[in-house]
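Quick note on the UniProt record's numbering: the sequence shown kicks off at 1 and runs consecutively. Even glycine gets a Cβ: it sits at the ideal position worked out from N, Cα and C. Only one structure is covered here, and it is reproduced in the block below.
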Amino acid sequence: MSLTSTVIDRNPITGDQMTSSDQASGCQSHQLNFSLPLTFGPNLPFGAEEQQTSQSSSSLYVAIGAAFVGLVKMCGFSMALSVPSFAFTLASEKERKGTAPEACSKVKTIEQSNNERPRYAESRSSHSEDASKPGCKALTTTGPPEIDEYPPRSKVFIIVAAMMASVFLVALDRLIIATAIPVITNHFNSLSDVGWYASAYLLTMSGFQLFIGRVYTFYNPKTVYITCLGIFELGSLVCGAAPNSATLIVGRAVAGLGSSGLFSGAITIIVYLVPLQKRPAYTGMFGAIFAIASVAGPLLGGVFTDKLSWRWCFYINLPIGGAMAIVLFFILKLPSAATERKKIILKEQLHQLDPIGTAVFLPAIVCLLLALQWGGTSYNWSDARIIILLILSGVLILVFMYLQHLFQEHATVPPRILKHRAVSAGVCYAFFAGGGMMALVYFLPIWFQAIKGASAVRSGIMNLPAVLGITVSSMAAGILTRKLGYFTQWMYASCVLSSIGAGLISTFTTTTAHPKWIGYQVLWGLGLGLGVQQPSVGAQTSLPRKDVATGASIVFFAQALGGSIFVSVANNIFDNTLSQDLKKIPGIDARVVTHVGATNLRSIVPPNLLVPVLMAYNDALRSAFYVVVAVTCATVFGTLTMPWSNLKRVAAAQEAAAKAAKKKAASRASDSELRLSEGADSVAQHPAERQQGTEKTVVEV
Numbered sequence: 001m002s003l004t005s006t007v008i009d010r011n012p013i014t015g016d017q018m019t020s021s022d023q024a025s026g027c028q029s030h031q032l033n034f035s036l037p038l039t040f041g042p043n044l045p046f047g048a049e050e051q052q053t054s055q056s057s058s059s060l061y062v063a064i065g066a067a068f069v070g071l072v073k074m075c076g077f078s079m080a081l082s083v084p085s086f087a088f089t090l091a092s093e094k095e096r097k098g099t100a101p102e103a104c105s106k107v108k109t110i111e112q113s114n115n116e117r118p119r120y121a122e123s124r125s126s127h128s129e130d131a132s133k134p135g136c137k138a139l140t141t142t143g144p145p146e147i148d149e150y151p152p153r154s155k156v157f158i159i160v161a162a163m164m165a166s167v168f169l170v171a172l173d174r175l176i177i178a179t180a181i182p183v184i185t186n187h188f189n190s191l192s193d194v195g196w197y198a199s200a201y202l203l204t205m206s207g208f209q210l211f212i213g214r215v216y217t218f219y220n221p222k223t224v225y226i227t228c229l230g231i232f233e234l235g236s237l238v239c240g241a242a243p244n245s246a247t248l249i250v251g252r253a254v255a256g257l258g259s260s261g262l263f264s265g266a267i268t269i270i271v272y273l274v275p276l277q278k279r280p281a282y283t284g285m286f287g288a289i290f291a292i293a294s295v296a297g298p299l300l301g302g303v304f305t306d307k308l309s310w311r312w313c314f315y316i317n318l319p320i321g322g323a324m325a326i327v328l329f330f331i332l333k334l335p336s337a338a339t340e341r342k343k344i345i346l347k348e349q350l351h352q353l354d355p356i357g358t359a360v361f362l363p364a365i366v367c368l369l370l371a372l373q374w375g376g377t378s379y380n381w382s383d384a385r386i387i388i389l390l391i392l393s394g395v396l397i398l399v400f401m402y403l404q405h406l407f408q409e410h411a412t413v414p415p416r417i418l419k420h421r422a423v424s425a426g427v428c429y430a431f432f433a434g435g436g437m438m439a440l441v442y443f444l445p446i447w448f449q450a451i452k453g454a455s456a457v458r459s460g461i462m463n464l465p466a467v468l469g470i471t472v473s474s475m476a477a478g479i480l481t482r483k484l485g486y487f488t489q490w491m492y493a494s495c496v497l498s499s500i501g502a503g504l505i506s507t508f509t510t511t512t513a514h515p516k517w518i519g520y521q522v523l524w525g526l527g528l529g530l531g532v533q534q535p536s537v538g539a540q541t542s543l544p545r546k547d548v549a550t551g552a553s554i555v556f557f558a559q560a561l562g563g564s565i566f567v568s569v570a571n572n573i574f575d576n577t578l579s580q581d582l583k584k585i586p587g588i589d590a591r592v593v594t595h596v597g598a599t600n601l602r603s604i605v606p607p608n609l610l611v612p613v614l615m616a617y618n619d620a621l622r623s624a625f626y627v628v629v630a631v632t633c634a635t636v637f638g639t640l641t642m643p644w645s646n647l648k649r650v651a652a653a654q655e656a657a658a659k660a661a662k663k664k665a666a667s668r669a670s671d672s673e674l675r676l677s678e679g680a681d682s683v684a685q686h687p688a689e690r691q692q693g694t695e696k697t698v699v700e701v
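Here it is as structure tokens:
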């Protein structure tokens, strides 16, 4: 292949023609934009090279120097190398001896039309320096790395409070309906739809969580967060005003869709509000709020149902969520690094959001969760419908994994994110921790209702020791992480304390006294609170800021998925154990006892048979608690693989890099202005150059 060059001489400032004499005298003042990085393919910046043996030796020095720099960059070094100190120093000696026009003509890259002022090409590396040499100035304007600009503390407090209220509503909505379901089914005469009231919310929340995390990566987090909050509010409004059961189910699905982006969105926005070393304290507060709402949900649901109406379980979201949306709209001001996005066409936007992966992932999760919801309750596990759902889920998940490997950077879950040990370990930990937490939160109130004879509202009050333990330890872990810099030790402590607490809870009997069930709950809550938010902290520490939304979404999805799976497992073990034990009691119809529920147990069981029935209930609940113990102990796998990262060191390195980048950007801007002024002065000294100039167009054959 032959390579030829066609040179059209124009002035780079005025765009006019130049004479040969003007080229020789003016080249040194008008050298532009030597793009530095070594690239391959049609965008190779050295397109002006010729194969003729008569090319000047300075062009060879330029090529060798730039190739060296490109090789260094290909090896992964993020170094700000100055080309003038290597290649152009040698070339300048030749230019002083009369070869300047040739040298200049071989390294210029013009990026403007005849009547435009020159546009200075950006280097592909944000760390590259402006290339310059005597007489031939290469002006490169590259943007500096992102500089953190955090809002004042007063605004941060208001914004965080608003997001905490939103997260509280999301967590509350998961379980607040539990105590209201009997009243709702009586109101609509829809006993067959009971499973969908909870499932519809869970399906859309889990199915869209990873997709929304991807949306946060490419769009303004403030806009996405307020939009998700608006969708959640719309779903709550539909639920509260539902005239029939079908409308209520649709409203629950819409609310679940909106809630899928609120927790991960809150963590994403926190990244832009506070520096890294302060984030664990805020993350701990979010964890405490989530745990409080999860435990308080059934309690508030019972209060609203008894004192007002079941519709207020949903109406309560409207004034709080609406007020929080207004606060965030007017007060939340994110830095330019969070709001500026590249303007790309719609087709490219859709490609980045991975619609194919989402279209495969959503039905996979729906099939899995439906099988877990229906298996052992609505249908036997051996039923063909459950088997087909599980097979479809497994096949679709495998297809989704293949697509993620195929799409790489455009995947919903880019594989490089899971290659970070802190993320993969955090996902493992969150999966088991979420499973243990939700299973215990689900079955502990049943123990209070069945064994202690507590009402739905009172059983919620009896869960307050666990809430207290979670709240105190979660906030304490966040504050201490900020002081010490390390967070992994809290995962070890959480694994030990929560496992011991769950093990003690599994020893409950029908005669367990107040000091024990209170103390055991406190111990379990303290352990859970220490570690529940550490996977999110690990993701924030190890990932670049632009990937935090995706990393947080993966962690929260794993936590929600673990809760769904292990609650179902514990529920099936509980049902099977209870049915078998009740069948051993003469005069007891096992089907009647299991369907009446824990609250009304004493109203249908004869007094002389109450003790053996309570013992059967206690044994079945202990079997469910054993699942909690096993799952909680399994958090050790994520704990042992979590790296020991120091937030203080990471934050200090980021701060130093930001300051250096800011200083470099200021220096680069000053140098660029100086060179522009020098170029203008040089043109003013040569009036003839305003009529004629140089422009080099390289044509490859």
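Assignment of Tyr442 by DSSP, reduced to helix, strand and coil, places it in the helix class.
If you draw a straight line from the Cα of Leu640 to the Cα of Val650, it comes to about 21 Å. When only Cα atoms are considered, Gly529 and Ser499 end up about 13 Å apart. DSSP places Gly261 in the coil class of the three-state scheme, outside both helix and strand. Counting C-beta pairs with one atom in each stretch, the region 285-294 and the region 473-483 have three or more that are closer than 8 Å, which means they touch. Per the DSSP secondary-structure output, Gly375 pairs in a beta bridge with Tyr379. For the pair Gly460 and Ala296, the Cα-to-Cα distance works out to about 6 Å. Residue environment for Phe329: exposed (fewer than 16 other C-beta atoms within 10 angstroms of its C-beta).
Scanning Ala433, Ala513, Leu484 for the CA closest to the CA of Phe448 turns up Ala513.
Excluding five sequence positions before and after Val593, the CB atoms of its chain that fall closer than 6 Å to its own CB belong to Leu582, given in chain order. A straight-line Cα-Cα distance of about 14 Å links Gly538 and Pro275.
Non-local C-beta neighbours of Tyr617 in its own chain, meaning closer than 6 Å and more than five positions away in sequence, comprise Ala450, ordered along the chain. Of the candidates Gln534, Leu203, His420, Leu203 places its Cα closest to the Cα of Arg174. Assignment of Tyr486 by DSSP, reduced to helix, strand and coil, places it in the strand class.
Ranked by how close their Cα comes to the Cα of Ala549, the residues Gln404, Ala165, Asn220, Val522 have Asn220 in first place. Counting only runs of 4+ residues, the alpha helix (DSSP H) found wholly inside the region 553-631 occupies 590-596, 601-604, in chain order. Between the alpha carbons of Gly261 and Ser553 lies a gap of roughly 8 Å. Scanning Asn608, Arg458, Ile387, Val170 for the CA closest to the CA of Gly587 turns up Asn608. Taking the Cα of Gly435 as reference, the smallest distance to any Cα among Ala558, Asp306, Ser494, Pro355 is reached at Ala558. C-alpha of Thr481 to C-alpha of Phe487: approximately 6 Å in a straight line. Ala439 has its alpha-carbon roughly 38 Å from the corresponding atom of Ser154.
With a cutoff of 7 Å on beta-carbon distance, Thr635 and Phe443 are scored as not near each other. Exposure of Lys663 is indicated by the presence of fewer than 16 other C-beta atoms within 10 angstroms of its C-beta. Taking all protein chains in view, the Cβ of Tyr282 is crowded by 16 or more other Cβ atoms within 10 Å, so the residue is classified as buried. Contact annotation: Phe314 and Gly240 have beta-carbon atoms nearer than 7 Å. Below 8 Å, too few C-beta pairs join the region 377-388 and the region 229-237 to call them touching: fewer than three.
Closest option to Gly478, judged by alpha-carbon separation, among Leu172, Ala430, Pro535: Pro535. Beta-bridge pairing by DSSP links Asn463 to no other residue.
A distance below 8 Å between beta-carbons, with the five flanking residues on each side excluded, links Gly563 to the following residues of its chain, in chain order: Gly434, Gly435, Met437, Met438, Ala439.
The distance from the Cβ of Tyr216 to that of Gly256 is about 18 Å, inconsistent with a contact at the 8 Å cut-off.
Going by beta carbons, Ala660 and Ser206 fall outside the 7 Å limit. Gln580 is classed as exposed because its beta carbon has fewer than 16 other beta carbons within 10 Å across all chains shown.
Annotated three-state conformation of Asn186 is helix, per DSSP. Distances from the alpha-carbon of Leu299 to those of Ala493, Tyr201, Met462 put Met462 closest. Annotated three-state conformation of Asn646 is strand, per DSSP. Counting the other Cβ atoms within 10 Å of the Cβ of Ser294 gives 16 or more, which makes it buried.
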